[in-house]
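**Q**
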Amino acid sequence: MERTFLAVKPDGVQRGLVGEIIRRLEAKGFTLVGLKLMKVSRELAEQHYDVHREKPFFPGLVEFITSGPVVAMVWEGEGVVASARKLIGATNPLTAEPGTIRGDFGVSVGRNLIHGSDAVETGRREIALWFKEEELVSWQPTLTSWLYE
Ligand code: ADP
175 MERTFLAVKP DGVQRGLVGE IIRRLEAKGF TLVGLKLMKV SRELAEQHYD
225 VHREKPFFPG LVEFITSGPV VAMVWEGEGV VASARKLIGA TNPLTAEPGT
275 IRGDFGVSVG RNLIHGSDAV ETGRREIALW FKEEELVSWQ PTLTSWLYE
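For the sequence shown, our numbering gives the first residue as 175, with consecutive numbering after it.
#1: Does the distance from the CB of Ala258 to the CB of Leu209 come in under 9 Å?
#2: Compute every distance between the C-beta of Val311 and the non-hydrogen atoms of the ligand ADP, then say whether any falls below 8 Å.
#3: The beta strand (DSSP E) with Ala181 in it runs from where to where?
#4: Would you say the beta carbon of Thr316 is closer than 8 Å to some non-hydrogen atom of the ligand ADP?
#5: Can you find a heavy atom of the ligand ADP that lies under 8 Å from the Cβ of Ala264?
#6: What three-state label does DSSP hand Ser282 in the structure shown?
#7: May I ask you to check if the CB of Gly242 is nearer than 8 Å to at least one heavy atom of the ligand ADP?
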């Protein structure tokens, strides 16, 4: 089953949106298989955002992501990578569609509440970076037969 890595960023934690964000993913029908509240080290932040290393916003992004607790999560389900990106919305919350997490709760690209892997392969890399294998729980929700044909 496909998996993705999601993280509620420090602004989402500070604003008390952790429950709302988890609620939306649960209500959609995805399965939580990993969850932890953590302070992100500079090393992890830089590795996670390695593709943006040369961007002008990189130092501010690393500063921000290491500034307070983050809720790191792994979610599972058919097509979860692309679907979670849709639930999250566009990178800039001002242009993100209403109904998406960023569209409903954010106003600034540097405070856009949540990260979501952009492809299945990226998801694999990010899950391995953030979680140890033994921190992930494989389980079969009893609702599965009501969610999938
Ligand atoms: P996404 O998180 O939607 O996949 P990107 O991978 O393009 O977006 O960027 C990673 C993160 O870097 C964004 O979520 C945002 O927090 C930050 N970011 C991107 N572009 C900017 C920008 N122009 N100014 C400030 N921060 C930015």
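Beta carbons are placed, not taken as given, at the ideal position from N, Cα and C, and that holds for glycine.
**A** Judging by the given coordinates:
#1: No, these two residues do not count as a Cβ contact at 9 Å.
#2: In terms of side-chain proximity, the C-beta atom of Val311 is found no nearer than 8 Å to any non-hydrogen atom of the ligand ADP.
#3: First-last of the beta strand (DSSP E) with Ala181: 177-182.
#4: Look at Thr316: its beta carbon is at least 8 Å from all of the heavy atoms in the ligand ADP.
#5: Within 8 Å of the C-beta of Ala264 there is at least one heavy atom belonging to the ligand ADP.
#6: Look at Ser282 here: in three-state DSSP terms it is strand.
#7: Relative to the non-hydrogen atoms of the ligand ADP, the Cβ of Gly242 never comes closer than 8 Å to any of them.
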